[in-house]
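Working notes for the structure below.
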Amino acid sequence: MNDTSEMDSHARLVAALQQARENPPWTERIVTDSLEDPETMKQTASTCLECPEPCETGEVCATLLAKEEGLLAEVGKEQAFAHVESGIERLEITETVCVRNEDGIRPNTFISKK
73 MNDTSEMDSH ARLVAALQQA RENPPWTERI VTDSLEDPET MKQTASTCLE
123 CPEPCETGEV CATLLAKEEG LLAEVGKEQA FAHVESGIER LEITETVCVR
173 NEDGIRPNTF ISKK
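Encoded structure:
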């Protein structure tokens, strides 16, 4: 390999990394978008209106995210929640969100901004 092709390869890699930082995965965006105005979202979502265990102020639940994004209908329960959890975990690593888990109730995973 010559120096020019190595530089081109490096430049493409750097450009790809910059694009990845600017465009987070859609699984991450569904979480962050829901936390922009969670109270308004919860007031209009049928999922929340029917919920026996409402979230605390400033929170949304994983079930809301999966249903509102249409994931449950599109890919099924197991895959839908895997996508939602993937987004939550990515944001939790960067300390962007707080996650609260409650055993014994459904829904049981709640997310809020840090």
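Numbering (the numbering used here), first residue to last: 73 to 186.
All residues carry an ideal CB built from backbone N, CA and C; glycine is no exception.
Reference residue i, options the options, closest by Cα
i: E134; options: S81, P97 and C170; result: In the sequence as displayed, the identity of residue 134 is Ala instead of Glu. When only C-alpha atoms are compared, the closest one is C170.
i: E108; options: P179, K139, Q90 and T168; result: T168
i: K186; options: R84, A83, L163 and W98; result: L163
i: E128; options: S118, P110, M79 and E94; result: P110
i: T181; options: T119, E131 and P97; result: E131
Start and end residues, alpha helix (DSSP H) containing residue i
i: R162; result: K149 to I165
i: E111; result: P110 to T116
Continuous beta strand (DSSP E) stretch holding residue i: start and end
i: R172; result: V169 to N173
i: T181; result: T181 to K185
Contact check, residue i vs residue j, beta carbons under 9 Å
i: R101; j: G148; result: no
i: E140; j: S184; result: no
i: V156; j: A145; result: no
i: P179; j: L121; result: no
i: P124; j: K114; result: no
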